[in-house]
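See structure below.
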Amino acid sequence: MKKILALLCISAYMLFSAQDSLKTETKIITKDTKFGLALSGGGAKGFAHIGILKVIDSLGIKVDYITGTSMGGILGGLYGMGYNGEELKKIVYSTDWKRVLSNKIPYNKVNISEKDEYNKYIIEFPVAGGLPTLPSSFIEGQYMSEVLNTLTFPAKHINDFSKLRIPVQLTSSDIVNGGLVMQKKGSLPLAIRSTLAIPAAFAPVYIDGKLLVDGGLDRNFPVQEVKNMGADYIIGGYTGFRLFTKKEIENPMKMIYQTHAFHSVQDYNLQKKMSDILVDFVAPLNNYTTKDFKKYKEIIKIGEQEAKKHIPEFVALADQQRRLGIIYDHKLIEEVKKPTIKFTYSEDNGTPLNNLSEIESIKNVMGLTEGQYYDAKTVNESIDKIFGMRQYEKVYYTYTDSEDGLIMNIFIKRVRAGAFKLALHYDNEQSVGIIVNYTYRNIAHRFRALATIDISERFKARLQFQKFLDNSFRWWISAEGTTYHLKSNDFLLRSSSEFDYDTGSFNSPDYIYRNTNVNTAINYNLVPNAMASLGIEYNTEKINRSTDKLGQVLTGVSSDNKVYQHNNFGIFFKFNQNNLNERYYPTSGNNLQVMTKYYFGDQYKLYNLENVQPYLYEYLNPVTSYYNVPKNLLSITINENFVLPITKRLAIRTNAFLGAHLSSKNTDVRPSSGLDSEEKSPYLFLNQKYNLGGSEYNFSGTNPEFNGLRQKEIPANSFAKLGMDVQYNIYKHLYLTPSFQYGRGSDELSPFKNSTGFYGYGLNLGYESILGPININVSKNNIINFWRVYFSIGFKF
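Just so you know, the sequence shown maps onto residues -18 to -1, 1 to 779 in mature numbering (1 follows the signal peptide of the UniProt record, and there is no 0).
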């Protein structure tokens, strides 16, 4: 028994001795030894570095210097501030990577004056020299800057990275002059932002007059740089390039990738020789790419597994540090709450702004003043207000420390003056089309002008101009002209029929509704998400029969397809408050629209309907024994949509709509068939009615959606509705929404007088795609008692 115990002791001693000398054979560790951490770039694959950081924390290993590139720069910079591995894992899990990798901001952060045009197009082309061009990069990184500024806010007073908890240097590449640039001082979030600026993906960053991009172009694995900082013992994590096989480079994209990978792989082979502990993630992450940000959970898990394979090396290092009295003391840097004593304003390249009016506008919109302390949330919200005006592609800030407080440096990158935008759309009620938009902005004079056309069978066009009148972006004037040529879904029109003498039968022709509206208004932004407008408009509407032109030519019989024409003026007041978090499939917020309009100057013409189609003559003619025309007609519309989040996936959407009219003359009598007299019904022209129907959210506010009806299928003089939708996020961007609605409509001016109640229910399957929202809706109501199916794809005009 004693011999067995002795043998076990000798074996244990030899094992621990071998483990203890694992690295000491080639490198002696003393109390003066400095330990470095070098983390490579690799895009989304860089999440694997969290596995190394968690092992370092769990064993209490002290790190003296850090270098990082791209994702390694993000994690390295934050770790140098004092975040630990587990905290960084939670940050990755909680970050909205979809938003990081786009140029979009939440809908509720877009100024109310810009919501009408936001998120309506698939792609935008900036105009240079009068011609559309490709954007210089896919992602400006506005939200990424906000995330980095928030995470690094406790260290905003530190402009020398050697004074962080752990000294940090981050790699960047000078894209103009070439060469490696090590970020050692300045703004930590800006330095991190520069090291992840993958060319053509993320926009480059100006620092000290140099245009910088991802440091991986020159040094993807900065081991030499951490040695230069003073590190004697180096821990490395590599998630970078690998060379493809001969078979793989038959793919032309991989061939292009390979040409860039050669230099990086050769440099890695040199850098890894200087690493004492190296965790190489290349093979385990072979099935992942640099852009797999959505797979962060899988990548982090692999990183944790791979780091654990090197536990013996990490344990040996930790034991040696403890024996030498080297203490691990890693905690987050504490924020120094200094006041902001000064603001500076510069262009993206560092050139100071010299337009005093523009500076005043930025300052007024931000709403920050000198001498106050502001937390990260307040500062980010003030930056969002500027960005939400959509006059700038990017707005960000840095801090410079001084004895008396902090200097906040605000940088802006103006949008191109002109931009072409494109979108596609289709729905089974109208047609397929291509939406083309040209938008021109003049920031100096604070105006926007745009022209939009829908190239389709159902032609639509819009011209719009708006100009702000003050430096606070509160008062603005607008002028707009729109025209729509749509197939009419009006139930009474479609159900009418006329006798065809050639065939001896009745037929129901299609009708085209054409509406042109020109208006001008003065508007006031109450807050970024609410506005009030007072204006005047001119509206003209026409109905034509859709006739067979070829048949007329062949038979030699012409047919006048004009049916009805009406035009009038209106003075309107509108209030619109919209803080929905998304334009489509919102999960929180509300949109309240209150509108009132006074109509005057009505003129109309009926084209021989009494002889051609008597049924329509009775429907469209105001001068009959059944109608009276109200005098001093005033409409009042209230439309409230409220979205309440219940869980992360479930939201309840409610809608309340009220549309009514007031008039100084809304009653009259006509002879009845009996002894008593009957009241005449008030006659409203088509553009004065509320047109019910459709399953998609209607941003106009005056044409309420209703299940089981086509868009604008039932015109009513007055209408009231309550509705509820239950929106469930099935998976990622896929939504299932059952809905129920109850309404009361009337031919009177009030929806509660001689009204008819009806209800509808339906189910919508929606998907938020790159082409725009895709909806498949089935619905039914008790008026038209059969199921309706509606399908649409793409952004709406």
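Every residue, glycine too, gets a C-beta built ideally from N, C-alpha and C.
- Comparing alpha-carbon positions, the option among Lys277, Ser127, Leu60, Ser413 lying closest to isoleucine 315 turns out to be Leu60.
- Annotated as distal: proline 186 and leucine 199, with beta-carbon spacing of 9 Å or more.
- Note that the stretch 209 to 216 touches the stretch 13 to 20; at least 3 beta-carbon pairs, one per stretch, sit closer than 8 Å.
- Note that the C-beta distance between methionine 348 and isoleucine 392 is below 9 Å.
- When the beta-carbon positions are compared, lysine 703 and asparagine 623 stay at least 9 Å from each other.
- Taking 9 Å as the cut-off, the Cβ atoms of tyrosine 609 and serine 663 count as close.
- Scanning its chain for C-beta atoms nearer than 6 Å, with the 5 sequence neighbours on each side dropped, one finds around aspartate 409 the residues Ser774, in chain order.
- Here the stretch 74 to 94 makes no contact with the stretch 148 to 165; the two share fewer than three CB pairs at distances below 8 Å.
- Taking C-beta atoms under 8 Å as the contact rule, alanine 300 and threonine 132 fail to qualify, at a distance of about 32 Å.
- Its chain contains His467, Lys524 as the residues whose beta carbon lies nearer than 6 Å to that of arginine 496, once the 5 sequence neighbours on both sides are disregarded; these appear in chain order.
- Here DSSP, grouped into helix, strand and coil, assigns threonine 51 to coil.
- Excluding the 5 residues flanking it on each side, lysine 13 has same chain C-beta neighbours closer than 8 Å at Leu306, Gly307, Ile308, in chain order.
- A residue is called buried once 16 or more other Cβ atoms fall within 10 Å of its Cβ, and leucine 668 is buried on that count.
- DSSP places glutamate 592 inside the alpha helix (DSSP H), whose first and last residues are 591 to 594.
- With distances taken between CA atoms, lysine 403 lies nearest to Pro114 out of Ser176, Leu172, Asn543, Pro114.
- Straight-line measurement puts the Cα of serine 257 at about 19 Å from the Cα of proline 266.
- Three or more beta-carbon pairs separated by less than 8 Å link the stretch 546 to 564 to the stretch 572 to 581, which places the two stretches in contact.
- If you draw a straight line from the Cα of arginine 476 to the Cα of tyrosine 597, it is about 11 Å long.
- Non-local C-beta neighbours of proline 604 in its own chain, meaning closer than 6 Å and more than five positions away in sequence, comprise Val611, Tyr665, ordered along the chain.
- For alanine 503, the secondary structure class from DSSP, reduced to helix, strand or coil, is strand.
- Inter-residue distance for valine 414 and valine 708 is about 29 Å (C-alpha atoms, whole angstroms).
- At the C-beta level, asparagine 331 and tyrosine 188 come within 9 Å of one another.
- By the C-beta criterion, the stretch 430 to 442 is judged not to be in contact with the stretch 128 to 143, since fewer than 3 inter-stretch pairs fall below 8 Å.
- For isoleucine 416, the closest C-alpha among the options Arg398, Phe441, Thr464, Ala401 is that of Phe441.
- Using a Cβ distance threshold of 9 Å, methionine 63 and phenylalanine 29 do not count as a contacting pair.
- Exposed is the label assigned to leucine 252, since fewer than 16 other Cβ atoms lie within 10 Å of its Cβ.
- In terms of CA proximity to arginine 770, Glu411 leads the group Tyr270, Asp249, Tyr717, Glu411.
- Listed as beta-bridge partners of aspartate 383 by DSSP are Leu388.
- Excluding the 5 residues flanking it on each side, alanine 137 has same chain C-beta neighbours closer than 7 Å at Met63, Leu146, Leu170, Ile315, in chain order.
- Out of His427, Pro491, Gly370, the CA that lies nearest to the CA of glutamine 595 is found in Pro491.
- In this structure, the beta-carbon distance from phenylalanine 143 to alanine 173 falls below 9 Å.
- Going by C-alpha positions, isoleucine 10 is about 58 Å away from asparagine 711.
- At the C-beta level, serine 343 and arginine 428 come within 9 Å of one another.
- DSSP, reduced to helix, strand and coil, places isoleucine 368 within a helical segment of the structure shown.
- Partner residues in the beta bridge of alanine 433, as assigned by DSSP, are Tyr420, Leu445.
- Proline 334 sits exposed, since fewer than 16 C-beta atoms from the chains shown fall within 10 Å of its C-beta.
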